Structures are given as structure tokens and as C-alpha cells.
Amino acid sequence: MNGKGLGPLESAVMDAVWDSDGPVTVRAVTRLLGEDGPAYTTVATVLGNLHTKGWVEREWQGQVWFYRPARDRSEHAARAMEDALALSDLPQATLLRFVDTMSPRDAHTLRRLLDEVGERATEPEG
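Sequential numbering of the sequence shown, starting at 1, is according to the UniProt record's numbering.
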């Protein structure tokens, strides 16, 4: 997967793929995007581009491609955060700004998760 973000149409298509219960066809994604959504050929092109970029994997079954996400949504979000930190010349300041914008609930969750990671790191192996 490259580090580039997605355009609005690519994001909508990825949301449809992520929201599906399993592999999806172009036709299924077109339906999920609704009557006012893009044409079948446009969705086919976008899915092909997303495959080339590494966002989706595909498998030929019968006479159609079935697409599935290369990574789940949370893994994608985590990598986006990693990319943002890598681009920053002041990662600590970037993290501080990120934490400052969190809701109290999200900050509490982050604190709890950091405690869990810290506990795992100090547990003896074996």
C-alpha cells in the first residue's frame, strides 16, 4: 500500500468494501454506493486502481473479480498515524496536538491502552 491518501471516490469505494461482510464484486459495490453513485465502469476503474495501489486484493472467480480490503479499517488508520508521525520534524509535538484534540473518553481509552502495553513490556518472558 502506498502512503498516498485516497480521493473522495476512492474513499467511498473503500468504505463500501470495508462495510461488506466478505469479498465483493464491482456490481455489489456499485449497488452499495446507491442510485446516485458512480457508474459500474467508474467503480470498476476505481477498484482496479485501488488494487494497483495495494488497498484491495482481488481474486478471479468464475467470470468476475472479487475484492476484499488488503487491511482492515483500524490497521489503515494506524498506518496513517504512523505516516503522519514519520512526516513530522517534531513527532512529540505532533503527538501532543493529537492528544489535545481527543475527547476525554478517547484520552481515557488511550491511557488504558498505554498502561496495558506498558504492563506487557515489563512482564517476564517464559
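Just so it is clear, CB atoms sit at the ideal spot from N, CA and C, and this is done for glycine as well. As the structure is a prediction and not an experimental result, all values here were calculated from the model.
Quiz prompt | Closest by C-alpha distance to D19, when choosing among P91, D72, T122 and P38 | solution = Within the sequence shown, numbered from 1, the residue matching residue 19 stands at position 19. Relative to D19, the option among P91, D72, T122 and P38 whose CA is nearest is D72.
Quiz prompt | V13, enclosing alpha helix (DSSP H) - first and last residue | solution = As a position in the sequence shown, residue 13 is number 13, starting the count at 1. P8 to D19 is the span of the alpha helix (DSSP H), which, as asked, contains V13.
Quiz prompt | Through-space distance from P124 to V29, alpha-carbon basis | solution = Within the sequence shown, the letter at position 29 stands for residue 29. Within the sequence shown, the letter at position 124 stands for residue 124. Rounded to whole angstroms, V29 to P124 spans 48 Å at the Cα level.
Self-check item: Under 9 Å between C-beta atoms of L48 and A70
Solution: Here residue 48 refers to the residue found at position 48 when the sequence shown is read from its first residue. Here residue 70 refers to the residue found at position 70 when the sequence shown is read from its first residue. As written in the sequence, residue 48 is Gly, which differs from the Leu given in the question. Going by C-beta atoms, G48 is not nearer than 9 Å to A70.
Quiz item: Looking only at DSSP bridge pairs, what is Q61 linked to?
Solution: Position 61 of the sequence shown holds residue 61. According to DSSP, Q61 bridges with V64.
Self-check item: Endpoints, alpha helix (DSSP H) assigned at D106
Solution: Here residue 106 is taken as the residue at index 106 of the sequence shown, counted from 1. Element bounds for D106: P104 to T122.
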